[in-house]
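Remarks on the structure that follows.
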Amino acid sequence: MARTTVWTLTLALAASAQVRHEDIAKGALADWLTYAGTYSGWRYSPLKQINAENAKNMVAKWVYHVPNARGLRSSPIVHEGVLYITDTNSVYAVDARSGRLVWRYADPRAQKGGVNRGAAIWGNRIYFTTSDNFLVALDRQSGVLIFNKQFADVEKGTTSTSVPLIAKGKVIVGSAGGDSGMRGFIMALSAETGDELWKTYTVPAKGEKGSETWGDLIEWGGGAAWLSGTYDPGLDMLYWTTGNPWPDYNGSVRQGDNLYTCSLLALDLDSGKMNWYFQFTPHDTHDWDAQSWPVLMDTEIRGQQRKVVLHANRNGFFYALDRVTGEFLRATQLIDKVTWAKGIDDKGRPVPAGNSEPTPQGNWVCPSVKGATNWMGQSYNPGTGLLYVLTLEQCGMYFSSSQQPQPMKNFSGGGATEEGGQVVLRALDPKTGRRVWEYPMTGFGRMWTGTVSTAGGVIFTGDDDGHMVALDAKNGKNLWHFNVGELLTASPVT
Amino acid sequence: MRAFAVAFFLAAPLALFAQHGRYFRDSHHPSIGNPEAIATGTKLFMGSCAGCHGPDGGGGARGPNLVRRSLWHPLSDEAIFQVIRKGVPGTDMPPTKLGDEQTWNLVAFIHALTGPASANPVPGDAAAGKAVYWGAKAGCSSCHAIHGEGGRLGPDLSNIGGSRPLAVIRESVVEPAKDLAYLGNEAATVVLKNGTTLEGAAKNRSNYSLQLVDKQGKLHLLQMRDVKQLTLSESSPMPADYAKRLTKEELRDLLAYLADQDIRKGSK
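These protein sequences, in sequence, are chains B and V. If you want this note's numbering, it's the position in the first sequence, counting the first as 1, plus 925. If you want this note's numbering, it's the position in the second sequence, counting the first as 1, plus 24.
Set out below in structure tokens:
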């Protein structure tokens, strides 16, 4: 059995008491208080003790083996010298200096398994969700349970893998399970009590606006919200992505665009009201969930300063939208091989290339089902002005099934293969969407590691061959590598 | 070395419990897990077995603890069936003349004993036990938390009924010293080289570092090079007098309340 490890290379300590909204809003410093480091999804640290000159001197400090873990998806939260890591239905608090366990919380009676993407912190509490949809709050110092409250019913096909985002005392969670049929949603729960504050479905109910883009299976339409999202404190808006429509590979039973799947939703933090949506892949038949991070920044596009949200999508394109209005600004090709669409028109809609639908005999389409990128964290470095995105050059066969769709029976309407492929880390210019440099990796297109970048001008990530690497953020030059003995499966922090 | 006066309650998570206490889950006999069979087995057990093995299977003067036994390798349900039928030669355990169905009902009850206390019928009044737990006479909450209320030095009891058999909970309350040797809840006094003294529970320790939660519930991440003296308690800081301090009814009700602490109550 492969053991999964958490590696620490450097850390800094800080003294602070209760974690407040303002502390998270400040972004990463000595602490790392939200999954992506900042509400804007930058995975950026202003730390600069490690820089492009001295990165070559790094040595491993310790290894913590999470018992029986297989491919952790959790990115640590760090506060006052303690790392908080999640695995399936469990949380580990680890002394960041020594790598020793402080406490562990596990709920082995949870009804479901599956991955977990991490914890959140607020006040003196650590939050995470169990796979059967309990929000769990724990005392951060002792691991004592404060509350566990169920927010959704597994009997309706919903599970939970997402990492909660906490803003202004609201814990935002989403639903997983979209590949087996369920109705996706995003919810806000009270950090104080775990009580529901609002719930916004990602697929409309019959008769509601948008339901005309579906057929009879709308109640099981999917649109899972299985990752997390970003937040603009100025606009008080959440940016959350949604997954594929169900059944994944059989679009004939759900004619139409299938709103609001494979989309980016802008939600009001206080009410959950959908201010706007943008659908990247209307009527998806390739399982191209939109789960990749919506990165928020203010930048100049075509000579005009704008509040934008950038999104590298699984469908092979890299988008820029106005994050106030949702207006489509631009899309550029993220990877070299895209066969399903000729491009994106000036309204943001893909121009189909034809002959790319899944068939009973199989159809060869690029990108593959894993997508041109995926949920792994990107990072934006204000020092270089570049966005670093892990991309995958891979194609695959897509098959359809004529079987009658059956919700919650692990039926996805077909299947897909992943064939060959190469991972390439790409540095993109947010202003133009163009590549500035790229770092091709050796391997089989299997890695899932995200990136983090620092004011020291270094990018940390994993490669496709079981190494942790440090790259020069200016030009992608390899500065350091360390063989961890297996593929890294989550995003680093510093 | 001597213990300082910090009262721990249950020396809960039992490191070897998984190997020691469990029976193999390889039996497919329909009586296992069947509430009616367990209820019938309960009556049989109370009438014929409890005199030696104790009412909760926790052991008595003549019969061993059936819930947490000293065997490394767990017994199968079939092996327990045979012991009930044939007895254990050379011991006080006699053969029985029970029919197959009755014997399986007994096995079903014994199997259920190893499951969480919250999943089995427990004698006593949980509401009365709540008052005992939170009252000054027992003083449990000064060291233990339930849903965040209470002390941080002893193990969290929010899920104690959902994770431990009743007999194990009883033993931890009445004979806490039996299970103290548990890294993670040692009572520790630390004198740092800078003169500071800290008292609390060592959540973890090695030759190089110590992770200590103090009496106020604050976590201290210490490096052993900064420690002048570390004193670990040799005995359980959990008071050992609960069998005398509480009346039989209070103890029974307290156990009923603890058995009721299950974080999965009402889960869908």
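Just so you know, even glycine gets a beta-carbon here, dropped at the ideal spot from N, CA and C.
Bridge pairing for B:Cys1320: B:Glu1344 [DSSP]. Counting other Cβ atoms within 10 Å of its Cβ, B:Asn1169 reaches 16 or more and is therefore classed as buried.
Taking C-alpha positions only, B:Leu1315 is separated from B:Gln1328 by approximately 36 angstroms.
Spanning the alpha carbons of B:Trp1123 and B:Gly1197 requires a straight line of approximately 6 angstroms.
Rounded to the nearest whole angstrom, the C-alpha separation of B:Gly1006 and V:Leu245 is 8 angstroms.
Looking from the CA of B:Leu1114, the closest CA among B:Ala1062, B:Asp1161, B:Gly1068 belongs to B:Ala1062.
By the 16-neighbour rule on beta-carbons within 10 angstroms, B:Val1276 is exposed. With a 10 Å radius around the Cβ and a threshold of 16 neighbouring Cβ atoms, V:Lys67 comes out exposed. Rounded to whole angstroms, the gap between the alpha carbons of B:Ile1071 and B:Thr1257 is 47 angstroms.
Within the region 1004-1087 of chain B, no run of alpha helix (DSSP H) at least 4 residues long lies entirely inside it. With 16 or more other CB atoms across the displayed protein chains lying within 10 angstroms of its CB, B:Asp1104 is buried. Here the alpha carbon of B:Gly1109 sits roughly 21 angstroms from the alpha carbon of B:Met1301. Residue-level contact by beta carbon holds for V:Gly186 and chain B, with a gap shorter than 8 angstroms. In the displayed model, B:Thr1419 falls within coil according to three-state DSSP, outside both helix and strand.
Closest option to B:Val1098, judged by alpha-carbon separation, among B:Asp1078, B:Asn1058, B:Lys1134, B:Glu1117: B:Asn1058. In the assembly as shown, V:Met70 is an exposed residue. Its beta-carbon has fewer than 16 other beta-carbons within 10 Å.
Where V:Tyr281 is concerned, the enclosing alpha helix (DSSP H) starts and stops at 272-283. The bridge partners DSSP lists for B:Gly1099 are B:Ile1111. According to the DSSP assignment, B:Ile1091 belongs to the beta strand (DSSP E) that extends over 1090-1092. Of all residues in the region 157-181 of chain V, the ones placed with a Cβ closer than 8 angstroms to any Cβ belonging to chain B are Ala169, His171, Gly172, Arg176, Asp180, in chain order. With three or more CB-CB distances shorter than 8 angstroms, the region 1238-1256 of chain B counts as touching the region 1195-1215 of chain B.
Assignment of B:Asp1214 by DSSP, reduced to helix, strand and coil, places it in the coil class. By DSSP's assignment, B:Gly1339 forms a beta bridge with B:Ser1325. The shortest CA-to-CA distance from B:His1004 to any of B:Glu1363, B:Asn1041, B:Ala1018 is the one to B:Ala1018.
One Cα belongs to V:Thr220, the other to B:Ile1010, and the distance between them is close to 31 angstroms. Under the DSSP assignment, V:His135 falls in the alpha helix (DSSP H) whose first and last residues are 124-137. For V:Gln285, the number of other beta carbons within 10 angstroms of its own is at least 16, and it is reported as buried.
Neighbourhood of B:Phe1072 in chain V, by CB distance below 8 angstroms: His171, Gly172, in chain order. V:Pro118 counts as exposed, since fewer than 16 other beta carbons sit within 10 angstroms of its beta carbon. Using a CB distance cut-off of 8 angstroms, V:Lys242 counts as an interface residue toward chain B. Annotation: Cβ neighbours of B:Trp1028 in chain V (cutoff 7 angstroms, chain order): Lys227. In terms of Cβ geometry, V:Cys76 and V:Gly84 form a close pair [threshold 8 angstroms]. By the criterion of at least three beta-carbon pairs nearer than 8 angstroms, the region 1184-1198 of chain B is in contact with the region 1126-1134 of chain B. With respect to B:Ala1245, B:Gly1358 sits close: the two C-beta atoms are nearer than 8 angstroms.
Straight-line spacing of the CA atoms in V:Lys289 and B:Pro992 works out to 27 angstroms. Only exposed fits V:Ser259, as fewer than 16 other CB atoms lie within 10 angstroms of its CB.
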